[in-house]
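A short write-up of the structure that comes next.
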Amino acid sequence: MTPFTRPPPDPVLDAGTVHAWRARLTLPAPELRALAASLSDDELRRAARFRFAVHRDRFIAARGQLRLLLARYLGLAPSAVAFERGPFGKPRLAGGGPRFSASHSEELALYAVAADREVGIDVERVRPMAALAAVADQFFAPGEARALRALAGEARARAFFACWTRKEALLKAAGVGLTAALEAVEVGFGPDPAVLRRAFSAGEEPACSTVVTLRPAPGYAGALAANGLELEVRCWTFAEEGSAAETDEQSEREIEA
Numbered sequence: 003m004t005p006f007t008r009p010p011p012d013p014v015l016d017a018g019t020v021h022a023w024r025a026r027l028t029l030p031a032p033e034l035r036a037l038a039a040s041l042s043d044d045e046l047r048r049a050a051r052f053r054f055a056v057h058r059d060r061f062i063a064a065r066g067q068l069r070l071l072l073a074r075y076l077g078l079a080p081s082a083v084a085f086e087r088g089p090f091g092k093p094r095l096a097g098g099g100p101r102f103s104a105s106h107s108e109e110l111a112l113y114a115v116a117a118d119r120e121v122g123i124d125v126e127r128v129r130p131m132a133a134l135a136a137v138a139d140q141f142f143a144p145g146e147a148r149a150l151r152a153l154a155g156e157a158r159a160r161a162f163f164a165c166w167t168r169k170e171a172l173l174k175a176a177g178v179g180l181t182a183a184l185e186a187v188e189v190g191f192g193p194d195p196a197v198l199r200r201a202f203s204a205g206e207e208p209a210c211s212t213v214v215t216l217r218p219a220p221g222y223a224g225a226l227a228a229n230g231l232e233l234e235v236r237c238w239t240f241a242e243e244g245s246a247a248e249t250d251e252q253s254e255r256e257i258e259a
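Residue numbers for the sequence shown follow this note's numbering, beginning at 3 and rising by one.
Written out as C-alpha cells, the structure reads:
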C-alpha cells in the first residue's frame, strides 16, 4: 500500500496515472469560511440542511477542498469549477476534463483524479456494528460472506470495511454506483492490486478494473479503483496554498489525539 506523502509543487497528471489525495475535514473557522465562499448556491443549500454544525462543516470542507483540488488541475478559480451528473448520477466535470471521484467519512476525505480513465474511491471509518455478518450476507458475494463469518471482533470489522470500500470504489469507477448490486462482483479481502473482470448487466461485455487498497489513516479503510490495467497510483496529502501538507505520521497523530 502506497503511503500518503507531500505532493510535488505542480503535480502532472500523466496517462496511466491516478492521483489519490487525502484531506482532513476538521478545519479552522477561517479556512472553512474561505472554502464556503467557493461553493455553488446548490452546495450552500445542501450544507444548510444539515442539522448539526459538525456535519455541515465537514460537508463544506469536503466540497470546498474538492473544488480547490480540481481548480489546480484545470487552471481555474475554485468557484468556476462546474459539475454535472452522468447517466447513473456520478458527478463529473461539466464540459469535460479529468475524471474524478470523492468520498468522505467522519474526519477524512479521499479524492481520486485521472486523465484518461474512470476512477472510483471510497473511505469508511472502521467501526463496530452488531450485524456485520448479516449485512455481508445481503450485500457481499457468497464467498466473501463465508470468509467474513470465519472472522470475529476487530478482524471482522476491518475485513468488512476493506471489502465494502473495494466494492464501492469499483462501482464508482464503473459509473453505476449503488444502482448495481454490491454482490454483483467479488473483490475479496486478499492482497492487491487486484485485477477484476466485471459486468453489471446481462449482455454487457466484461471490462477489466484495477482495485488498490489504500491506508488513509488509523481506524479507516480505503480503496481506489480505475478502469484498465497497468495502473500507477500516487498518494498525496492535500493542503491549501501556503500551508504544509502532512505526512502519514503527522496525520495519524492528530486523528488519534
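Using N, Cα and C, we set each Cβ at its ideal position, and we do this for glycine too.
- In terms of Cβ geometry, alanine 164 and arginine 151 do not form a close pair [threshold 7 Å].
- DSSP, read as helix, strand or coil, puts valine 115 in strand.
- In this model, glutamate 45 and phenylalanine 61 are separated by some 9 Å (Cα to Cα).
- The Cβ atoms of leucine 226 and leucine 216 lie closer than 7 Å to each other.
- DSSP places alanine 228 in no alpha helix (DSSP H) but in the uninterrupted beta strand (DSSP E) bounded by 222-229.
- The C-alpha of valine 187 lies about 10 Å from the C-alpha of proline 144.
- Judged by DSSP secondary structure, alanine 164 falls within the alpha helix (DSSP H) whose first and last residues are 155-176.
- In the DSSP annotation of this structure, glutamate 126 is not part of any alpha helix (DSSP H); the continuous beta strand (DSSP E) holding it starts and ends at 121-127.
- Three or more beta-carbon pairs separated by less than 8 Å link the region 3-19 to the region 110-122, which places the two stretches in contact.
- Assigned with DSSP and collapsed to three states, alanine 241 falls in coil, not helix or strand.
- A direct Cα-to-Cα measurement between proline 100 and leucine 72 gives close to 8 Å.
- Check the Cα spacing between aspartate 59 and each of Leu41, Leu76 and Val189: the tightest is with Leu41.
- With fewer than 16 other CB atoms across the displayed protein chains lying within 10 angstroms of its CB, phenylalanine 54 is exposed.
- Here proline 10 carries a coil assignment [DSSP, helix/strand/coil].
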